[in-house]
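Residue numbers (the numbering used here): 33 to 880. Even for Gly, the Cβ is constructed at its ideal location relative to N, Cα and C. See structure below.
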């Protein structure tokens, strides 16, 4: 929000400039008024106010914040043509890139400065996300489901870099604070219809209004569906947002309901040779996620005086998620699956089956080994090794409720302007997580059909010949209380000093419904994590066109229930949706240094620029260590990781053109040595010349790069107002190549036989175009082309065992092989493919 030569008055706090979340105009007016001895006739220059906490407050001018904060408004999101919030962050925000590891546009891994906010359970999360003061990171795993955040209801967003402790747990690399629309600021009714490639269809309805009695209301509804550009990848998104508010001269109340009911198909990574043949292909299927969520948030703000304001909220959120994933059974790789024994034939005959091949079965005349799988299942005779498919199911129920409050005071300290806030928060969560694995077989289209056998110790599931129960039924309770404070003192008009801190206390209680408390496989555990995190910052403005800043801050992340439940090397788990064991982990602590400068011109053709350096170091970072069994592993604390870099940016308005360029140089490395499994890496310790290593390790050295983090990011955009009714926009996202997971030592070299693919991605650039034509004052026509030049690119990669040969048949041991273990598997590079060129058109009609 900007103040434009507004007189300083305090007779009505909310009527003309409402407290719109973190950018509160009259709060700043009060602050500046105190510094100016409350001269009621004073006027102010244009100032942009940025929120400094998750709750609404007075905020601070950007030049008083010791960090390169980025912000955007609803019109910026709409102009970008982004599908959802994560897509917008990728298109316009500096130092942000995405990995499409799930293969669905609503399930992106958003990475900022090498820290991640992901919808994938088990991914170490490093960014906190808030909407109207409610933490959107889910209790179980700290994941962020981007499909549950309605893009059309966003009013403003602020991306705060670094480990700012005021934003609470999980703010390791940054915090994203979202404020939503209300009827007073966004009145009117808008209908939108969208049609596009891959049978994309969308309908959006928006309505807001207010009356003279202080009431205001706002509603936003979005219904979206598409076939998806990859095979068998449909998605449906249904979102509703409603807000009812009331305000008078000193009080502002609002009640918000956010509901979503979505079905997403994310077919994940694809093996490099299959991808080369058909970029729309999928490795295995189905891979479906269902999310159903309801959020209630009651927010209040009360002006106690010209110098005091109290704000707070009370919220409740329930999330039900279910996944259905068809996967390869790694235990079947290298097994002899096709030839039926006499016992197999007898079991099938007794069960009423007929028509199965009695002998000489092979991949050539028996396209998929369902007979052997079914026969072994009927005999309860280790079907886990004879079935080449698995169906993994999960169900997660989460209830999250809490309250938070914050007091803002604007006054003087030692006769100089001072702004102080103090607050506290309580968050309580109840979770229930169920996981099961059903054995099955792969069909020619690589879908998995289940049989009546399950991968647990009762029905014959094994790991290294020992019974292994893959079922999980975990219940838990997570409670976090915290107290925080921040103070900015201005000993001079050009100099501002900030001191802040937060104390967090988190209790994680896991209970196992399948295993007794004394069972080594039990998930039971009680863990408490406590820490005080400080922050310091200074900004100095030698002139109106130049601002210099420096800052230091700390934050922490308590291990999540999934990490605590998968931290025992003796009880490895299978990601993303399995748990086992429960030894303790230490919380992650991040320390961040920032230094930089920013400034710009104040003329009609404005220009804003920024340049900065940052360095963030994680202590006790949490790393997933793969076990010798492919797909299994455990979480452990990793000594240190480091992320540092250079950020440059410029935004300008020149005549009819708004344009901007952002460049980031990132250096994300391990800062401690470690040994991890490297079965898919040609340099693993058990590999020798001409002989692949099946379960060897690789050594990570201090200074090795962290996978999936590019070392360079370039973004550019330009919006040209051709005529008063016609506007064109273009954007560029260019990303350097990244290392694949499994290639942490960067030593993988493909041999074209047992190891295929380079173990990294290539650099890529994507150009998007938008056009907006206003047919009348009420009707708009919007056209958009994503990936204009149809670039073929990959956003992420991973090394792993390839279950299929060049003809698409499952790679079992050839008939006549001497031993199952003597058949070497083929390893390959798996990629997360980016979307091809796609056109969409939208009609919007605004009712006046």
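What residues in its chain sit with their C-beta under 8 Å from that of residue i, if we drop five residues either side in the sequence?
{"i": "residue 543", "result": "506, 507, 508, 555 and 556"}
{"i": "residue 152", "result": "133, 134, 139, 141, 175 and 608"}
{"i": "residue 101", "result": "82, 94, 190, 191, 192 and 193"}
{"i": "residue 819", "result": "798, 799, 800, 866, 867, 868, 869 and 870"}
{"i": "residue 96", "result": "520, 522, 528, 530 and 571"}
Of the choices the options, whose alpha-carbon is the least far from that of residue i?
{"i": "residue 266", "options": "257, 274 and 272", "result": "257"}
{"i": "residue 745", "options": "766, 756, 302 and 761", "result": "766"}
{"i": "residue 514", "options": "435, 125 and 94", "result": "435"}
{"i": "residue 835", "options": "653, 691, 350 and 306", "result": "306"}
{"i": "residue 586", "options": "840, 651, 829 and 524", "result": "651"}
{"i": "residue 313", "options": "478, 563 and 449", "result": "478"}
{"i": "residue 570", "options": "109, 521 and 592", "result": "521"}
{"i": "residue 764", "options": "240, 694, 270 and 347", "result": "694"}
{"i": "residue 115", "options": "466, 161 and 254", "result": "254"}
{"i": "residue 203", "options": "815, 440 and 161", "result": "161"}
{"i": "residue 620", "options": "673, 825 and 584", "result": "673"}
{"i": "residue 832", "options": "774, 310 and 781", "result": "774"}
{"i": "residue 270", "options": "280, 699, 252 and 281", "result": "252"}
Residue i and residue j look like a contact to me (Cβ under 8 Å); what is the Cβ gap, rounded to whole Å?
{"i": "residue 209", "j": "residue 86", "result": "6 Å"}
{"i": "residue 168", "j": "residue 176", "result": "6 Å"}
{"i": "residue 349", "j": "residue 432", "result": "4 Å"}
{"i": "residue 427", "j": "residue 461", "result": "Between residue 461 and residue 427 the Cβ distance is about 16 Å, and since that is not below 8 Å, they are no contact."}
{"i": "residue 874", "j": "residue 226", "result": "4 Å"}
{"i": "residue 740", "j": "residue 828", "result": "5 Å"}
Taking the C-alpha atoms as reference points, what is the distance between residue i and residue j?
{"i": "residue 334", "j": "residue 443", "result": "17 Å"}
{"i": "residue 128", "j": "residue 230", "result": "27 Å"}
{"i": "residue 308", "j": "residue 260", "result": "19 Å"}
{"i": "residue 179", "j": "residue 292", "result": "8 Å"}
{"i": "residue 528", "j": "residue 697", "result": "28 Å"}
{"i": "residue 233", "j": "residue 842", "result": "37 Å"}
{"i": "residue 768", "j": "residue 792", "result": "11 Å"}
{"i": "residue 712", "j": "residue 728", "result": "9 Å"}
{"i": "residue 299", "j": "residue 646", "result": "36 Å"}
{"i": "residue 530", "j": "residue 463", "result": "38 Å"}
{"i": "residue 898", "j": "residue 618", "result": "Here the chain covers residues 33 to 880 and nothing more, so residue 898 does not appear."}
{"i": "residue 368", "j": "residue 418", "result": "8 Å"}
{"i": "residue 471", "j": "residue 558", "result": "33 Å"}
{"i": "residue 195", "j": "residue 588", "result": "8 Å"}
{"i": "residue 858", "j": "residue 125", "result": "40 Å"}
{"i": "residue 867", "j": "residue 303", "result": "16 Å"}
{"i": "residue 483", "j": "residue 242", "result": "58 Å"}
{"i": "residue 805", "j": "residue 755", "result": "9 Å"}
{"i": "residue 643", "j": "residue 182", "result": "32 Å"}
{"i": "residue 743", "j": "residue 456", "result": "38 Å"}
{"i": "residue 327", "j": "residue 361", "result": "38 Å"}
{"i": "residue 346", "j": "residue 475", "result": "50 Å"}
{"i": "residue 732", "j": "residue 785", "result": "25 Å"}
{"i": "residue 71", "j": "residue 341", "result": "Legend: pLDDT at residue 71 = 39, less than 50; position of this residue unreliable, no value from coordinates given."}
{"i": "residue 454", "j": "residue 516", "result": "6 Å"}
{"i": "residue 808", "j": "residue 877", "result": "9 Å"}
{"i": "residue 683", "j": "residue 577", "result": "14 Å"}
{"i": "residue 565", "j": "residue 670", "result": "20 Å"}
{"i": "residue 668", "j": "residue 710", "result": "16 Å"}
Please work out which residues of its chain come closer than 6 Å, Cβ to Cβ, to residue i, disregarding the five sequence neighbours upstream and downstream, and give them in chain order.
{"i": "residue 468", "result": "425 and 503"}
{"i": "residue 287", "result": "276 and 330"}
{"i": "residue 376", "result": "407"}
{"i": "residue 753", "result": "688 and 759"}
{"i": "residue 795", "result": "768 and 769"}
{"i": "residue 787", "result": "714 and 859"}
{"i": "residue 623", "result": "586 and 649"}
Kindly say whether residue i, judged by its beta-carbon, lies nearer than 9 Å to any beta-carbon of chain B.
{"i": "residue 86", "result": "The structure shown contains no chain B; it holds only a single protein chain."}
Apart from the five residues just before and just after residue i, which ones in its own chain have a Cβ nearer than 7 Å to its Cβ?
{"i": "residue 778", "result": "736, 737 and 771"}
{"i": "residue 691", "result": "684, 749 and 750"}
{"i": "residue 823", "result": "796, 797 and 798"}
*Which runs of the beta strand (DSSP E) spanning at least 3 residues fall entirely within the segment 753-824, listed in chain order?*
Within the segment 753-824, the runs of beta strand (DSSP E) that reach at least 3 residues and sit entirely inside it are, in chain order, 758-767, 796-806 and 811-818.
*asked:* Suppose only complete runs of 4+ residues qualify. What are the alpha helix (DSSP H) ranges in the segment 420-455, listed by chain order?
replied: The segment 420-455 contains no whole alpha helix (DSSP H) run of 4 or more residues.
_Completely contained beta strand (DSSP E) runs for the segment 318-391, where each covers 3 or more residues_ = The DSSP assignment places complete beta strand (DSSP E) segments of no fewer than 3 residues inside the segment 318-391 at 319-335 and 340-360, in order along the chain.
*Which full runs of the beta strand (DSSP E) of 3+ residues lie inside the segment 125-206, going along the chain?*
The qualifying runs are 128-131, 141-144, 147-149, 159-163 and 186-193.
_Minimum length 3: unbroken beta strand (DSSP E) runs contained in the segment 523-566_ = Listed in chain order, the complete beta strand (DSSP E) runs (minimum 3 residues) inside the segment 523-566 are 527-544.
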